[in-house]
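Colleague: What follows is a structure written as structure tokens; I'll ask about it next.
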DNA sequence: GCGCTATTATTTGTATACAGTTTGTCCCGG
DNA sequence: CCGGGACAAACTGTATACAAATAATAGCGC
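Below you can see the structure in the form of structure tokens.
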């Protein structure tokens, strides 16, 4: 398995660095680069058919985002988050997501509502196909949509990154997400979306809190199921 | 003015990249690299007596953090935040800071309390010397201390970055902070600190909100004073 | 056959080299 | 005197080269 993934070349990006950033990030979040496994710069560069220089710059950013972690002179590794770290991410989200949902109920434009609805559809389609990676991705896009509608890029970006790291955890522990869990999550998304459409900030915030807590409980159940006590 | 700043060499850092990151960030936040002015890679490299490679990697991270912004093939510039952007940062902080203050009241260790108190002393010393850069820095460290005590690195880091960008705005517009403003801010810090010492989460959260709002008002007043209507 | 040591092979971290753009300047024409 | 175009300089974006350090491996002694 010398070239198991093809980091698909260069979504729309001006510089090779950006392209590498997106491609590597995508590969990580799609589970193509397994957590705990080393990332060899030269190999990534070869896959993207570019030199190490822009790859290194992209990796520096991903490291700063907390998706990968370095060991000095030993290489970079896809992060394996501890349960404590994931709890911490959930705690942060429970503070921020209701805030964003509330604001989205105020500020969302019709186009933004459509975009959010599409992420929900995408999530539902993923359930049918049992496509976990795409399910996670649509979930991230849902929250990104809320963030965009909430007109607060700073907090939106935070939630976005948190979601990515949580998803990394899911992938890393290979926990199997069953269809029922995916459906539950989608239902909650749908409810938040409805509250925003109804311009009901209180309901949106309340449902966002509920969603965050539900997710945490579902994850806790999963984490307790397997391996480490 | 070929070498106006000496980016002081290499605080404790393993790699040149880290060193460059900290040095350049420090120079920006100390106002030595003026907002709106271009950052020439080769010049920074020369100042640090290293090559462009690690400098570029450091700059990539700073760009990702929103302290500097690139124009393709034209160079990097220290960010000049718009007023709307600063308002947005304040909005984010008003959501997050009370949350952190509340948690700090629960979890702060005695050592962490001492560390926080020292940042307040540092701030007060800055008033005497009318040292705005150090005043801003001590403010950032105060909030960093709260964040640390709150045991939520994710949100702590967010606040930290927001503070940095706000300070960048202050520097960028060259608004003069007068001694009375500095004292007011210090008083509010002191009050939050006291509430945390008293293990009074509600008071801490309330005072954190008050502080965030006060700062916003003080800044609004400054911003209205000068130049753009 | 097993453990320890020396050597080789990778791989990172850094420096240098090169090509393509963009900006500023100088010169010329009007 | 002013405007436009060619030239030159500077700087970015990318590739390649090199050195240090770590990991893997082979050889040796026992």
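Chains as they are written, first to last, in the working numbering: chain E, 513 to 741; chain Y, 513 to 741.
Ideal Cβ placement from N, Cα and C applies to all residues, glycine included.
1) With DSSP as the reference, label residue 741(E) as helix, strand or coil.
2) Take the Cβ of residue 658(E) as the centre, count every other Cβ of all protein chains shown within 10 Å, and call the residue buried at 16 or more, exposed below.
3) Below 7 angstroms on C-beta distance, what does residue 603(Y) contact in chain E?
4) Terminal residues of the continuous beta strand (DSSP E) containing residue 590(Y)?
5) Does residue 698(E) pass the burial test, meaning 16 or more other C-beta atoms within 10 Å, or should it be called exposed?
6) Taking the C-alpha atoms as reference points, what is the distance between residue 631(Y) and residue 586(E)?
7) So that I know if they touch, is there some Cβ in chain E lying closer than 8 angstroms to that of residue 515(Y)?
8) Quick check on the burial criterion: 16 or more other C-beta atoms within 10 angstroms. Buried or exposed for residue 633(Y)?
9) Identify the continuous alpha helix (DSSP H) that holds residue 540(Y) and give its terminal residues.
10) Pull up the distance between the alpha-carbon of residue 636(Y) and that of residue 695(Y), whole angstroms please.
11) Evaluate the contact criterion for the region 567-582 of chain Y versus the region 710-724 of chain Y: three or more CB pairs, one atom per stretch, below 8 angstroms.
12) Starting from residue 599(Y), trace the alpha helix (DSSP H) in both directions and tell me its first and last residue.
13) Taking Cβ-Cβ distances shorter than 8 angstroms, what residues in chain E pair up with residue 611(Y)?
14) Could you name the residues of chain Y that residue 584(E) contacts, counting a contact when the two beta carbons are closer than 7 angstroms?
15) What number of angstroms, rounded off, separates the C-alpha of residue 708(Y) from the C-alpha of residue 723(Y)?
16) Under a three-way DSSP split, which group does residue 515(Y) fall into?
17) So, with DSSP's three-state summary, where would you put residue 580(E)?
18) What does the alpha-carbon distance come out to for the pair residue 605(Y) and residue 674(Y)?
19) I'd like the list of long-range same chain contacts for residue 654(Y), defined as Cβ closer than 6 angstroms, with 5 residues on each side in sequence excluded.
20) On the DSSP bridge assignment, give the partners of residue 550(Y) in chain order.
21) Can the beta-carbon of residue 560(E) be found closer than 8 angstroms to that of residue 580(E)?
22) Can you find the residues in the same chain that come closer than 7 angstroms, C-beta to C-beta, to residue 644(Y), ignoring five residues on each side of it along the sequence?
23) Alpha carbon to alpha carbon, what distance is there between residue 532(E) and residue 705(E)?
24) What separation, rounded to the nearest whole angstrom, lies between the Cα atoms of residue 473(E) and residue 594(E)?
25) Apart from the five residues just before and just after residue 583(E), which ones in its own chain have a Cβ nearer than 8 angstroms to its Cβ?
Modeller: Checking against the coordinates, here is how it stands:
1) With a pLDDT of 34 at residue 741(E), under the threshold of 50, the predicted position of this residue should be treated as unreliable, though the coordinate-derived value follows. It is coil, neither helix nor strand.
2) Sixteen is the threshold: when 16 or more other Cβ atoms of the shown chains lie within 10 Å of the Cβ of residue 658(E), as they do, the residue is buried.
3) 664, listed in chain order.
4) 587-590
5) buried
6) 37 angstroms
7) Residue placement at residue 515(Y) cannot be trusted, given a pLDDT of 42 that sits under 50; what the coordinates show is reported in the next sentence. Taking CB atoms only, residue 515(Y) has no neighbour in chain E less than 8 angstroms away.
8) Residue 633(Y) is exposed by the Cβ-count criterion.
9) 528-541
10) The straight-line gap from Cα to Cα measures roughly 7 angstroms.
11) no
12) 595-619
13) 607
14) 526
15) 14 angstroms
16) With a pLDDT of 42 at residue 515(Y), under the threshold of 50, the modelled position of that residue is not reliable, and the figure given next carries that caveat. Residue state, collapsed to three classes: coil.
17) strand
18) 8 angstroms
19) 631 and 701
20) 589(Y)
21) no
22) 689
23) 33 angstroms
24) With chain E running from 513 to 741 in the structure shown, residue 473(E) is simply not present.
25) So the list reads 589, once near-sequence residues are dropped.
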